[in-house]
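Colleague: The structure that follows is given in the form of C-alpha cells.
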Amino acid sequence: MGTGAFFWSLTLAGVYRGKAQESAAELFWQKFDEFNLNNTVNAGPNWVSAQEVGMRAMMWIIAISAFHSSSFSTSQRLERLTTAIVHHVERILPTLNYARSQHNNHILSESLCLMLAGDFLANLHPRAREWSRQGESYFNHALLRQVEEDGTYAQHSANYHRLMLQLSLLYHARMRQQNRELPPAVMRKLAAASRWMLAQLDPLSGRLPNLGHNDGTLLLPFGCDEFRDYRPTAQAAAIAFLGEPCLPAGLWDELANWLGLTVKPAQPSLDFHSSPAVRRVGKGTGWGTLRGVRFRSRPAHADQLHVDLWWDGHNIARDAGTYSYNLPPPWQNALDTTSVHNTITVNHQDQMQRMSRFLWLEQAQARWLEHNQEGYITANHNGYRRFGITHQRTLQSIHGSGFLVTDRLLKKGENVQLVEYCLHWLLPDWNWQLKDQTLVLHGQPFTLRLIINARQMAPIEALEPKDVSLVRAGHTLVGTRADIRLGWESDTYSEKHPALSFSLVYNSTRSIELITRWEISDAER
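For the sequence shown, position 486 matches number 1469 in the numbering used here, and the numbering has no gaps at all.
As C-alpha cells, this is what we get:
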C-alpha cells in the first residue's frame, strides 16, 4: 500500500501525544485536505481497493483521537472528516461479501474499519451502530475461520500473520475501551496465533523466517528497529492474548504502551513458548525450523520441507521472501517457487502445480514422523507423487556446533526412471571458498562450513553430483546453473539484495540420501 493508506499519520499522532507539537497536527490536516481535494470519491486508484480505503479511514480515526484538541482541528475540518469517513464506509459495504470470500486479511481490515467508523459516527449517522455490530460480527467470524487451532494463519505468511495480530490488537484495544472482553473462542485463536509467532522469533534480531507472501505492510511500526523486527508485535500480543510479556523490557515495548497495555516487569525466555504448528530444534540463539504443513487453505509458496537456520542472530539458511507480485516475468511472484527455497526440486518441477499468481493446485501435503530422539524432527511430503517419489527430511541440532540435515528421496515400487534432484541452500552474502562439495563461508561473527555427501540406496553406493553451482544476484560464480532468480533475497516488497544460492544436482534411477552437515566455529582470522 502506498502513502494513500495514511499509515504515517500514526507517527504524527504519536509525536503530538508525546510533545503536543502543533506542527504534527498541522501536517496531518494539510495532507488530509490535499487527499480529499485530489481524489474524487470512488474515482481513481486510491479508491480501487476496499482494503486500502478501510485502512485509510482507520488511520484517520485513530489519528484524530490525538489531534482532536489541536487548534488545527477546526469544526469545519472535523465535519469534512466525518463526511469522508461515511464515504469510505459506503465504498466498503458493496464489496464486503467479496472480501469475505477471499479468506484473507482484507475482510479483517474492512470489518475493523466498520467497527471503528461506527463507533466514531455513533451520534452522527443513523446507521453507525449497525456498522459497528456488522464489523464486529464479521471480524470474529473471519478470525475463527482463518486461524487454525494450532495458530497457523490462512495466508501462510509471517508478514500477514503480523498484520492479522496487529489488527486484532486494535480490536482488543477497542473492546477494552468499551469495558468488554473478546469472545472466548476468538481469544483462544489469538493466543494460539501469538504462540505461533513466539515459537519462531529470533531473540537477538527480532526477526521471523521470511515465510510466504510479503507485501511490505507494517500497520503499527511503534518500537520496530527495522521492517522485519517482530518483537513489538510479539510483546504486545503476548501481553494481550497470553496474559504476560514474552520479552524483557526494551524499546519493543513501545507498541504495547501505545495500545495502553500494562507491561509488567519480567525476565521471560522465548524457550518457554512453543506451538504445535512450529517444529523446531535447538535452543537459545542456535535454532532451526523444518516446514511441514497439512494445507486447509491456499498455500502461499511451494516450500514444503524448507529449513530455516539461525545462529547468534544471523539467518544462515534463509527464505528468499517475495520481492514483487506484479513485475513482468521473470519477477512476477518469482520467489514463491520450490527451486529458490531450502528444499529439493525434482525434475525441475515445483512441488505443486501453478494455476495463477496466487493459486497452487495438486497441493503438496506434509506428514510428521514421530521418534523419541531429542533434537530431531522428521517429515515427508507427497508433492512429487506424480514421479513416484516421496521426499523425507530430518533436521537435527548438534549442540553448540551446528546442524545436520538428512534428505531421503524414496522411489516407489519398481520405478527405474532416471530422475534429477536439485538440493538448494540460500545463504548469507559472505566471503566464500568452495572445494568439491564443501562450501566455507567467512562471516564476521563465525565461520560456516557446509559439507554435503550423497549416496544411492539399495544397494548403498556413493553418488557424485552432476553439477555444483554457486549463484550470487543472478550471476553464476561456479557451476552451470543459470537462473536470474537465484542468489537473491527480499526483506520487504519491491526490494531485493544479493545472497548466495548453493545447489547440487544429482541424477539417479534409485532412491537416494543426501546429508548436509552445517559446522559452525569461531571466525577464522
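Built from N, CA and C at the ideal position, the CB exists for glycine as well.
Pop quiz: Pro1251 and Pro1228 are said to be a contact at Cβ under 8 Å. What is the actual Cβ separation, rounded to whole angstroms?
Modeller: The residue labelled residue 1251 in the question sits at position 268 within the sequence shown. The residue labelled residue 1228 in the question sits at position 245 within the sequence shown. That pair is a contact at about 6 Å.
Colleague: Please go through the same chain and pick out, in chain order, the residues whose beta-carbon is closer than 7 Å to the beta-carbon of Ile1381, but skip the five residues on each side of it.
Modeller: In the sequence shown, residue 1381 corresponds to position 398, counting from 1. Result list for Ile1381: Leu1387, in chain order.
Colleague: Can you name, in chain order, every residue of its own chain whose Cβ lies under 8 Å from the Cβ of Arg1508, other than the five neighbours on each side?
Modeller: Here residue 1508 is taken as the residue at index 525 of the sequence shown, counted from 1. Caution applies to Arg1508, whose pLDDT of 41 falls short of 50 and renders its modelled position unreliable; the value that the coordinates give is listed next. Counting only Cβ-Cβ distances below 8 Å, and skipping sequence neighbours, we find nothing.
Colleague: Could you tell me whether the stretch 1231 to 1238 touches the stretch 1259 to 1269, using the rule of 3 or more Cβ pairs below 8 Å?
Modeller: Flag = no, the stretch 1231 to 1238 and the stretch 1259 to 1269 do not touch.
Colleague: So the candidates are Leu1225, Asp1208 and Ala1168; which of them puts its Cα closest to the Cα of Met1180?
Modeller: Here residue 1180 corresponds to residue number 197 of the sequence shown, with the count starting at 1. The shortest Cα separation from Met1180 among Leu1225, Asp1208 and Ala1168 belongs to Leu1225.
Colleague: Is the separation between the beta-carbon of Gln1375 and that of Thr1361 shorter than 8 Å?
Modeller: Locating residue 1375 in the sequence shown gives position 392, counting from the first residue. Locating residue 1361 in the sequence shown gives position 378, counting from the first residue. Going by C-beta atoms, Gln1375 is nearer than 8 Å to Thr1361.
Colleague: Under 6 Å Cβ to Cβ from Asp1198, same chain only, skipping five residues before and after it: list those, please.
Modeller: Against the sequence shown, residue 1198 aligns to sequence position 215. Only Tyr1476 meet the Cβ criterion.
Colleague: Where do the N-terminal and C-terminal ends of the beta strand (DSSP E) with Trp1415 fall, by residue?
Modeller: Translated into positions along the sequence shown, residue 1415 becomes position 432. Counting along the chain, the beta strand (DSSP E) containing Trp1415 begins and ends at Asn1414 to Lys1418.
Colleague: Using the Cβ count rule (16 or more neighbours within 10 Å means buried), how would you classify Val1264?
Modeller: Taking the first residue of the sequence shown as 1, we reach residue 1264 at position 281. When all chains shown are included, Val1264 counts as buried.
Colleague: May I ask you to report which of helix, strand or coil DSSP gives Arg1508?
Modeller: Locating residue 1508 in the sequence shown gives position 525, counting from the first residue. Only weak support is given to the placement of Arg1508: the predicted model assigns it a pLDDT of 41, under 50, and the value that follows is read from those uncertain coordinates. Note: Arg1508 maps to coil in three-state DSSP.
Colleague: With contact counted as at least three CB pairs below 8 Å, one residue from each stretch, are the stretch 1077 to 1085 and the stretch 1042 to 1057 in contact?
Modeller: As far as the Cβ criterion goes, the stretch 1077 to 1085 does not touch the stretch 1042 to 1057, which means the pair count is below three.
Colleague: Which residues in the same chain have their Cβ closer than 7 Å to the Cβ of His1289, if we skip the five residues on either side of it in sequence?
Modeller: The count along the sequence shown starts at 1 and reaches residue 1289 at position 306. Closer than 7 Å at Cβ, skipping near neighbours: Arg1274, Asp1302, His1324, Asn1325 and Thr1326.
Colleague: Classify Val1399 as buried or exposed, calling it buried when 16 or more other Cβ atoms lie within 10 Å of its own Cβ.
Modeller: Translated into positions along the sequence shown, residue 1399 becomes position 416. Exposed, because fewer than 16 other Cβ atoms sit within 10 Å of the Cβ of Val1399.
Colleague: Quick one: using the 10 Å Cβ neighbour count with 16 as the cut-off for buried, is Trp1351 buried or exposed?
Modeller: Counting from 1 along the sequence shown, the entry for residue 1351 is found at position 368. When all chains shown are included, Trp1351 counts as exposed.
Colleague: Can you tell me the Cα-Cα spacing of Arg1281 and Leu1417, whole angstroms?
Modeller: Translated into the one-based positions of the sequence shown, residue 1281 becomes position 298. Translated into the one-based positions of the sequence shown, residue 1417 becomes position 434. Computed Cα separation, rounded: 39 Å.
Colleague: Is Arg1262 close to the ligand SAM? I mean its beta-carbon at under 7 Å from any heavy atom of the ligand.
Modeller: By its list of ligands, the structure shown contains no ligand whatsoever, and the ligand SAM lies outside what it can speak to.
Colleague: Between the stretch 1439 to 1457 and the stretch 1488 to 1506, can you find at least three pairs of beta-carbon atoms closer than 8 Å?
Modeller: As far as the Cβ criterion goes, the stretch 1488 to 1506 touches the stretch 1439 to 1457, which means the pair count is three or higher.
Colleague: Please determine, among Glu1073, Trp1408 and Asn1330, the residue with the shortest C-alpha to C-alpha distance to Gly1371.
Modeller: Numbered from its first residue, the sequence shown carries residue 1371 at position 388. The shortest C-alpha separation from Gly1371 is found at Asn1330.
Colleague: Nearest to Glu1478 by alpha carbon, out of Ile1435, Ile1503, Gly1304 and Thr1320?
Modeller: Counting from 1 along the sequence shown, the entry for residue 1478 is found at position 495. The residue with the shortest Cα to Cα distance from Glu1478 is Gly1304.
Colleague: Which of helix, strand or coil does DSSP assign to Pro1251?
Modeller: Walking along the sequence shown from the start, residue 1251 turns up at place 268. Coil at Pro1251, not helix or strand.
Colleague: Could you tell me whether the stretch 1146 to 1155 touches the stretch 1089 to 1104, using the rule of 3 or more Cβ pairs below 8 Å?
Modeller: Flag = yes, the stretch 1146 to 1155 and the stretch 1089 to 1104 touch.
Colleague: Is Leu1292 near Ala1300, with beta carbons less than 8 Å apart?
Modeller: Working through the sequence shown from its first residue, we reach residue 1292 at position 309. Working through the sequence shown from its first residue, we reach residue 1300 at position 317. Contact: yes.
Colleague: Where does the unbroken beta strand (DSSP E) through Thr952 begin, and where does it stop?
Modeller: The shown model of the chain, from 984 to 1508, leaves out residue 952, and the question about it has no answer.
Colleague: In chain order, what residues of the same chain have a beta carbon less than 8 Å from the beta carbon of Arg1112, not counting five sequence neighbours either side?
Modeller: Your numbering for residue 1112 matches position 129 in the sequence shown. Cβ within range, chain order: Gly1101 and Ala1105.
Colleague: Check the DSSP bridge columns for Gln1439 and list the partner residues they point to.
Modeller: The sequence position of residue 1439 within the sequence shown is 456, counting from 1. Paired residue(s): Glu1444 and Ile1495.
Colleague: So, helix, strand or coil for Ile1434, using DSSP?
Modeller: As a working note, residue 1434 is residue 451 in the sequence shown. Residue state, collapsed to three classes: strand.
Colleague: Am I right that Ala988 and Arg1039 are in contact with their C-beta atoms under 8 Å? What's the rounded C-beta distance?
Modeller: Position 5 of the sequence shown, counting from 1, holds the residue named residue 988. Position 56 of the sequence shown, counting from 1, holds the residue named residue 1039. With 8 Å as the limit, Ala988 and Arg1039 qualify as a contact, their Cβ atoms being about 5 Å apart.
Colleague: What do you reckon, are the CB atoms on Glu1005 and Ser1053 nearer than 8 Å?
Modeller: Residue 1005 sits at position 22 when you count from the first residue of the sequence shown. Residue 1053 sits at position 70 when you count from the first residue of the sequence shown. Contact: yes.
Colleague: What are the start and end residues of the alpha helix (DSSP H) that includes Ser1092?
Modeller: If you number the sequence shown from 1, residue 1092 lands on position 109. Start and end: Asn1088 to Phe1103.
Colleague: On the DSSP bridge list, what partners appear for Trp1501?
Modeller: Within the sequence shown, residue 1501 is the residue found at index 518, counting from 1. DSSP, once it has assigned bridges, lists Phe1386 and Leu1433 as partnering Trp1501.
Colleague: Do you know how far the Cα of Asp1412 is from the Cα of Arg1432?
Modeller: Mapped onto the sequence shown, residue 1432 falls at position 449. Mapped onto the sequence shown, residue 1412 falls at position 429. Going from the Cα of Arg1432 to the Cα of Asp1412 covers about 14 Å.
Colleague: Measure the CB-CB distance between Ala1317 and Leu1409 and report whether it falls below 8 Å.
Modeller: Here the question's residue 1317 lines up with position 334 in the sequence shown. Here the question's residue 1409 lines up with position 426 in the sequence shown. For Ala1317 and Leu1409, no; Cβs fall outside 8 Å.
Colleague: Name the two residues that bound the continuous beta strand (DSSP E) containing His1458.
Modeller: Locating residue 1458 in the sequence shown gives position 475, where the first residue counts as 1. Per DSSP, His1458 belongs to the beta strand (DSSP E) from His1458 to Val1461.
Colleague: Assign Gln1059 to buried or exposed, taking buried as 16 or more other Cβ atoms, counted over all protein chains shown, within 10 Å of its Cβ.
Modeller: Sequence index remark: in the sequence shown, residue 1059 carries index 76 (1-based). Label assigned to Gln1059: exposed.
Colleague: What span of residues does the beta strand (DSSP E) with Asn1363 cover, start to end?
Modeller: Along the sequence shown, read from residue 1 onward, the residue named residue 1363 stands at position 380. Where Asn1363 is concerned, the enclosing beta strand (DSSP E) stretches over Tyr1359 to His1364.
Colleague: Per DSSP, which one or two residues make a beta bridge with Ser931?
Modeller: This structure cannot settle anything about residue 931, because the visible part of the chain is limited to 984 through 1508.
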